[in-house]
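Engineer: Mind having a look at this structure? Questions to follow.
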Amino acid sequence: MVPTSHLTPSICGQASLHCFLGAILLLLAGQTSLVQAQCSDVHVVFARGSGELPGLGICGEPLVSGITSNLAGMSVSSYAVDYLASLDQTSAGPGATDMTSQVVSVAAKCPNTVFVLGGYSQGASVTDISIGISTLLGLGDAIPDALAARIKAIVTFGNPLALAGQTIESASSLYGSKSIDFCNVGDPVCAAGVNVMAHLMYAMDGSVDSAAQQAASLVQGGARNLRA
């Protein structure tokens with residue numbers, strides 16, 4: 212018979228190892244739960260317009276608020292695209308890369324989160340490039356097609372793409388049915404007009420409110436209006 216004193220160190224060592232491994236597993240489980248707890252149901256990624264201060268901007272702020280109000284019972288988070296929004300219209304490409312990076316990163320960490328993308332003015336071009344539409348305002352990384360199903364709505368205000376005779380609906384078979392596009396009559400940025408005020412009114416003329424309602428409907432599996 213092997214003396215008990217020879218068994219004790221081995222048994223204690225195994226017990227300590229099991230306790231150590233168990234502690235690690237509990238820690239990892241806790242971290243996973245924490246990450247999942249930080250994941251929202253809906254993540255809005257929005258790019259402000261040219262010359263606006265960093266943040267969601269004059270259209271993005273009320274859009275996120277409106278989407279949140281229209282999705283009672285669902286958690287909504289937001290991200291302001293980190294880009295220059297320069298007045299010379301040269302920062303849309305880098306902005307698109309940042310938008311794409313945000314979507315890819317959150318999608319990987321939060322497998323149940325869905326997205327609403329959007330932008331105003333140059334921020335609309337950021338959005339165009341991010342969903343794979345070619346524009347004259349630069350190049351940037353596009354969102355992988357594999358994530359398209361998780362992008363439920365795309366909202367743009369004063370999209371320069373219209374000056375090329377296109378819309379997201381006409382330019383993207385992948386995202387066209389999810390697009391909600393606003394272009395005011397006379398807007399020089401999207402309608403080749405001369406009314407600068409038309410470009411500044413989206414947050415005040417009901418466009419943002421309508422966009423929020425339609426985006427929420429798309430998130431919930433409903434339909435957008437045929438004409439935004």
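Using this note's numbering, the letters of the sequence shown correspond one by one to residues 212 to 439.
We put the CB at the ideal spot given by N, CA and C, even for glycine.
Note that the structure is a prediction, hence the values are computed from the model and not measured.
1. I'd like to confirm the pairing. Which residues does DSSP put opposite Gly330 in its beta bridges?
2. Among the residues of its own chain, which have a CB less than 8 Å from the CB of Ser381, if the five just before and after it don't count?
3. Drop a sphere of 10 angstroms on the beta-carbon of Leu440, count the other beta-carbons inside from all chains shown, and report buried for 16 or more, exposed for fewer.
4. Does the beta-carbon of Leu350 have 16 or more other beta-carbons within 10 angstroms, so that it is buried, or is it exposed?
5. Which same chain residues, not among the five before or five after Ser421, have their C-beta less than 6 Å away from its C-beta?
6. Should Gln425 go down as buried or exposed, given a rule of 16 or more other Cβ atoms within 10 Å for buried?
7. Is it the case that the segment 341–358 contacts the segment 296–313, given that we only count it when at least three CB pairs across the two stretches are under 8 Å?
8. So, under 8 Å CB-CB, Phe368 and Ser428 are touching, yes? Tell me the CB distance rounded to an integer number of Å.
9. Following the continuous alpha helix (DSSP H) through Val315, name the residue where it begins and the one where it ends.
10. Using DSSP with H/G/I as helix, E/B as strand and the rest coil, what is Ser161?
11. On a Cα-Cα basis, can you pick out the residue from Ile269, Ile278, Asp252 and Ala402 that is closest to Lys320?
12. What do you get for Ala283, buried or exposed, if any count of 16 or more other CB atoms within 10 angstroms of its CB means buried?
13. Answer with buried or exposed for Pro322, where buried requires no fewer than 16 other C-beta atoms within 10 angstroms of its C-beta.
14. Please report the Cβ distance between Cys270 and Tyr331, rounded to the nearest whole angstrom; I am assuming they are in contact, meaning their Cβ atoms lie under 8 Å.
15. For Arg259 and Gln300, I'd like the C-alpha separation in whole angstroms.
16. So the alpha helix (DSSP H) Ser280 belongs to, where does it begin and stop?
17. Please report the straight-line C-alpha distance between Ala357 and Ala364, rounded to a whole angstrom.
18. Classify Asp416: buried if its beta carbon has 16 or more other beta carbons within 10 angstroms, exposed otherwise.
Structural biologist: Taking the geometry as given:
1. By one-based count along the sequence shown, residue 330 stands at place 119. Partner(s): Ala258 and Thr367.
2. In the sequence shown, counting from the first residue as 1, residue 381 sits at position 170. Around Ser381: Gly387.
3. Residue 440 is absent from the structure shown; the chain starts at 212 and stops at 439.
4. Mapped onto the sequence shown, residue 350 falls at position 139. Classification for Leu350: exposed.
5. As a position in the sequence shown, residue 421 is number 210, starting the count at 1. Hits under 6 Å: none found.
6. Here residue 425 is taken as the residue at index 214 of the sequence shown, counted from 1. The residue in question, Gln425, is buried, as its Cβ has 16 or more Cβ neighbours within 10 Å.
7. yes
8. As a first step, residue 368 is located in the sequence shown; it is residue number 157 there, counting from the start. As a first step, residue 428 is located in the sequence shown; it is residue number 217 there, counting from the start. Incorrect: roughly 18 Å between the Cβ atoms, too far for contact.
9. The count along the sequence shown starts at 1 and reaches residue 315 at position 104. Residues Ala303 to Lys320.
10. Residue 161 lies beyond the stretch modelled for the chain, which goes from 212 to 439, so this question has no answer here.
11. By one-based count along the sequence shown, residue 320 stands at place 109. Here the closest residue by C-alpha is Asp252.
12. What you label residue 283 is simply residue 72 of the sequence shown in a count that begins at 1. Exposed, by the Cβ-count rule.
13. The sequence position of residue 322 within the sequence shown is 111, counting from 1. When all chains shown are included, Pro322 counts as exposed.
14. The count along the sequence shown starts at 1 and reaches residue 270 at position 59. The count along the sequence shown starts at 1 and reaches residue 331 at position 120. Yes, they are in contact, since the Cβ atoms of Cys270 and Tyr331 sit about 4 Å apart, within 8 Å.
15. Locating residue 259 in the sequence shown gives position 48, where the first residue counts as 1. Locating residue 300 in the sequence shown gives position 89, where the first residue counts as 1. Their Cα atoms are separated by approximately 12 Å.
16. In the sequence shown, the residue the question calls residue 280 occupies position 69. From DSSP, the alpha helix (DSSP H) with Ser280 extends over Gly268 to Asn281.
17. If you number the sequence shown from 1, residue 357 lands on position 146. If you number the sequence shown from 1, residue 364 lands on position 153. Roughly 16 Å between the two C-alpha positions.
18. Numbered from its first residue, the sequence shown carries residue 416 at position 205. Classification for Asp416: exposed.
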